[in-house]
Amino acid sequence: MFADAVDRILAVLGKLVRVLVYLALILPAVIVVATSFTSGDAMRFPPTGFSLRWYYAFWDSPLFIDSLILSLKVAALATVLSLLFGFAAAFGIERCDFRGRELMRGFMLSPLLIPAVVLGLGLMQLQVWIGLSQTFVGLLIGHVVVTLPYVVRTLSASMVLFDRNLEQAAMSLRATPATVLRTVTIPLLVPGIISAGVFAFVTSFGNVSLSVFLGAGGNVTLPVQVLAYVEQTVDPLVAAVSSVVIVFTLVAILIADRISGPKSVI
1 MFADAVDRIL AVLGKLVRVL VYLALILPAV IVVATSFTSG DAMRFPPTGF SLRWYYAFWD
61 SPLFIDSLIL SLKVAALATV LSLLFGFAAA FGIERCDFRG RELMRGFMLS PLLIPAVVLG
121 LGLMQLQVWI GLSQTFVGLL IGHVVVTLPY VVRTLSASMV LFDRNLEQAA MSLRATPATV
181 LRTVTIPLLV PGIISAGVFA FVTSFGNVSL SVFLGAGGNV TLPVQVLAYV EQTVDPLVAA
241 VSSVVIVFTL VAILIADRIS GPKSVI
């Protein structure tokens, strides 16, 4: 009886903790979105009145729209490149037995261990040395560096759970390695590839630390532009921009979830 009572209490406490954690994660976004619809000139919660004026101001602002377009462009290209390089790296690490494999795995995941400021400063100095400082290509390279570990880690997990008997069955039917990769391996890894792509896109789109060091002039991403705007003034326009970012992120995650379905390893 005592053990059953303790189990029930722990179960209730566990649910309560989960609710509190979810509220702590969701409430800041809810407050920001609610504040963006205010009709006043100051950020207040609850908002005073209801208006879309700050969303109109956002879409009429070339400063933020240009930064949004740049962020989407960089995030999309960084995602594609990270998937190409990350798939090749994860495939080689998980399928090939060679000396230094664990060293290579650690090297691919090392950007996750290096402080973002140190990584950004180092990349900036390197790009100054090779002549790519404050360029779109340099900014893109930095985003690929910071998104690649997420892709490698996600695809490596997918390949560990992959049933290689399916590949062997295809090869027993005289399918070439390229045909097996194209018709068996990649289709079965689609959920993991989509999950890795979402990780890469969201990480790149919301990155601030690297973009501060690598972006300048006409290469200012939306998060950096918001940060610079907040240093000068704080009004509901910032909340409107942040709400747009939240919507973009949620849409990307929902689309990935609908496409990948329950087979995803994440």
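Residue 176 in the numbering used here sits at position 176 of the sequence shown; the count goes up by one each step and never skips.
Note that CB positions come from ideal geometry on N, CA and C, so glycine has one too.
Please read these numbers as outputs of a predicted model, since none were measured by experiment.
Original post:
Just how far apart, CA to CA, sit F37 and F50?
Top reply: Within the sequence shown, the letter at position 37 stands for residue 37. Within the sequence shown, the letter at position 50 stands for residue 50. Cα-Cα distance, rounded: 5 Å.
**OP:** Measure the Cβ-Cβ separation of M108 and V152 and say whether it is below 8 Å.
**Re:** The count along the sequence shown starts at 1 and reaches residue 108 at position 108. The count along the sequence shown starts at 1 and reaches residue 152 at position 152. Yes, the pair counts as a contact, with Cβ atoms nearer than the cut-off.
**OP:** Tell me where the alpha helix (DSSP H) around S195 begins and ends.
**Re:** For the purposes of this step, residue 195 is taken as the residue at position 195 of the sequence shown. Bounds of the alpha helix (DSSP H) holding S195 are V190 to F205.
Subject >> Unbroken alpha helix (DSSP H) run spanning N165, endpoints >> reply: In the sequence shown, counting from the first residue as 1, residue 165 sits at position 165. For N165, the enclosing alpha helix (DSSP H) starts and ends at N165 to S172.
Original post:
CA-CA distance, F248 and R53?
Top reply: In the sequence shown, counting from the first residue as 1, residue 248 sits at position 248. In the sequence shown, counting from the first residue as 1, residue 53 sits at position 53. Near 20 Å, if we compare the C-alpha coordinates of R53 and F248.
Original post:
If you check the beta carbons only, do V32 and A239 fall under 8 Å apart?
Top reply: Residue mapping note: residue 32 aligns to position 32 of the sequence shown, counting from 1. Residue mapping note: residue 239 aligns to position 239 of the sequence shown, counting from 1. Against a cut-off of 8 Å, the Cβ pair of A239 and V32 comes out as a contact.
Original post:
V144: which of L13, F162 and G86 sits nearest, CA to CA?
Top reply: By one-based count along the sequence shown, residue 144 stands at place 144. The option with the nearest alpha carbon to V144 is G86.
Subject >> For G122, the first and last residue of its enclosing alpha helix (DSSP H) >> reply: Against the sequence shown, residue 122 aligns to sequence position 122. Counting along the chain, the alpha helix (DSSP H) containing G122 begins and ends at A116 to I130.
Subject >> Classification of I193 by the beta-carbon crowding that lies within 10 angstroms, buried from 16 upward >> reply: Here residue 193 refers to the residue found at position 193 when the sequence shown is read from its first residue. Under this definition I193 is a buried residue.
**OP:** Measure the alpha-carbon distance for I246 versus M43 and round it to whole angstroms.
**Re:** Within the sequence shown, the letter at position 246 stands for residue 246. Within the sequence shown, the letter at position 43 stands for residue 43. Taking the straight line from one Cα to the other gives about 18 Å.
Original post:
Between V208 and R95, what straight-line distance do the alpha-carbon atoms span, to the nearest angstrom?
Top reply: Locating residue 208 in the sequence shown gives position 208, counting from the first residue. Locating residue 95 in the sequence shown gives position 95, counting from the first residue. Roughly 35 Å between the two C-alpha positions.
Original post:
If you scan the segment 24–101 from start to end, which runs of the beta strand (DSSP E) of 3 or more residues do you find wholly inside it?
Top reply: Qualifying beta strand (DSSP E) stretches: none in this window.
Original post:
Straight-line CA distance for S264 to V198?
Top reply: Looking up residue 264 in the sequence shown gives position 264. Looking up residue 198 in the sequence shown gives position 198. For S264, the pLDDT reaches just 41, beneath the cut-off of 50, and the residue's location in the model is therefore unreliable, leaving the point undetermined.
**OP:** State yes or no: is the C-beta of G142 within less than 8 Å of the C-beta of L250?
**Re:** By 1-based counting over the sequence shown, the position of residue 142 is 142. By 1-based counting over the sequence shown, the position of residue 250 is 250. For G142 and L250, no; Cβs fall outside 8 Å.
Subject >> V202 versus F98 - alpha carbon distance >> reply: Position 202 of the sequence shown, counted from the start, is the residue given in the question as residue 202. Position 98 of the sequence shown, counted from the start, is the residue given in the question as residue 98. If I take the Cα positions, the gap works out to 33 Å.
Original post:
Can you give the Cα-Cα distance for V234 and D41, rounded to whole angstroms?
Top reply: Counting from one through the sequence shown, the residue named residue 234 turns up at place 234. Counting from one through the sequence shown, the residue named residue 41 turns up at place 41. Taking the straight line from one Cα to the other gives about 9 Å.
**OP:** Evaluate P115 with the Cβ neighbour count: other Cβ atoms within 10 Å of its Cβ, from every protein chain shown; 16 or more gives buried, anything less gives exposed.
**Re:** Within the sequence shown, the letter at position 115 stands for residue 115. Label assigned to P115: exposed.
Subject >> Separation of L148 from A169, as counted between CA atoms >> reply: The count along the sequence shown starts at 1 and reaches residue 169 at position 169. The count along the sequence shown starts at 1 and reaches residue 148 at position 148. One C-alpha to the other measures close to 31 Å.
**OP:** To the nearest angstrom, report how far apart R8 and I26 are at their CA atoms.
**Re:** For the purposes of this step, residue 8 is taken as residue 8 along the sequence shown, with counting starting at 1. For the purposes of this step, residue 26 is taken as residue 26 along the sequence shown, with counting starting at 1. Taking the straight line from one Cα to the other gives about 27 Å.
Subject >> Alpha-carbon spacing of L188 relative to S242, whole angstroms >> reply: In the sequence shown, counting from the first residue as 1, residue 188 sits at position 188. In the sequence shown, counting from the first residue as 1, residue 242 sits at position 242. The alpha-carbon separation between L188 and S242 amounts to approximately 36 Å.
Original post:
Roughly how many angstroms separate the alpha carbons of L119 and V226, rounded to a whole number?
Top reply: Within the sequence shown, the letter at position 119 stands for residue 119. Within the sequence shown, the letter at position 226 stands for residue 226. Those two C-alpha atoms are separated by around 22 Å.
Original post:
By a C-beta neighbour count over all protein chains shown, 10 Å radius and 16 as the cutoff for buried, is Q125 buried or exposed?
Top reply: The residue labelled residue 125 in the question sits at position 125 within the sequence shown. Result: exposed.
Subject >> Euclidean distance between Cα positions of A76 and L140 >> reply: Against the sequence shown, residue 76 aligns to sequence position 76. Against the sequence shown, residue 140 aligns to sequence position 140. The alpha-carbon of A76 is positioned some 10 Å away from that of L140.
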